[in-house]
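Visitor: What follows is a structure written as structure tokens; I'll ask about it next.
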Amino acid sequence: MSTPTREDQQQAQETLAYIRQTMESAASFTAVSGWGLVGVGTAGFLAAAASSRLGGVANLRVWIPTATFAIALSMVANAWKARKLDVALWSGSFRKVVWVMAPMLAAGALLTYGLFRAGQTALLPATWLLLYGAGVTAGGTLSVRAIRSMGVVLLLLGAAALFRPIYGAVLLAAGFGAVHVIFGIVLVQRHGG
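Reminder that position 23 of the sequence shown reads as 23 in my numbering, one-by-one numbering, no gaps.
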């Protein structure tokens, strides 16, 4: 039996690094924080209540800061969970989730601007729920099954808001509040926080 040469050892290390990188890119993103979703859902409930009190279902002075807060909270909570699980937050899977969701969130922001300027604010709940639901569903294909299910529920609520805009306030509270809290608790129970 011969001893591996330095070149053989280096080639083996490079092969292992390639396999590790490939597996990381193919793995699902499991560092979605259930507690983060619960926090986002709580903020969603508060925003829906505040927006309704101020006389508008989709009051941008309430919902834009809430969305900004929710994104920041999600980032911090997911980073905390990733550190707790000792997994890389900016893994191949997470990068793919970001790339899948970002265009839909950008489309939602642009449509919000256009619908607001056109005075069509009654369509904002449907727009937000549909695009966010589509993004979560697509991103969920790279994550745990509960995230995909959450996206489908958001899509259904968005469809209801489109056909029944009179219930926009209730559907926003359900989607950005209750759905996040419920699925957040599911993640806490099944996937460790």
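For glycine and all other residues, C-beta sits at the position ideal for the given N, C-alpha and C.
Rounding to the nearest angstrom, what Cα-Cα distance links residue 177 and residue 109 in this structure?
Guide: 19 angstroms
Visitor: Could you tell me which residues DSSP pairs with residue 51 in its beta bridges?
Guide: In DSSP, residue 51 forms no bridge with anything.
Visitor: Roughly how many whole angstroms lie between the Cα atoms of residue 120 and residue 159?
Guide: 17 angstroms
Visitor: When the Cα atoms are used, what is the spatial distance from residue 137 to residue 53?
Guide: Taking the straight line joining both Cα atoms gives about 31 angstroms.
Visitor: Return the CA-CA distance between residue 55 and residue 163, expressed in angstroms with no decimal places.
Guide: 21 angstroms
Visitor: Find out if the Cβ-Cβ distance for the pair residue 105, residue 129 is shorter than 9 angstroms.
Guide: no
Visitor: Considering only C-alpha positions, which residue in the set 166, 11, 192 and 112 is nearest to residue 230?
Guide: Nothing about residue 230 can be reported from this structure: the residues present for the chain run from 1 to 193 only.
Visitor: When DSSP labels each residue in this structure, what does residue 149 get in the three-state scheme?
Guide: helix
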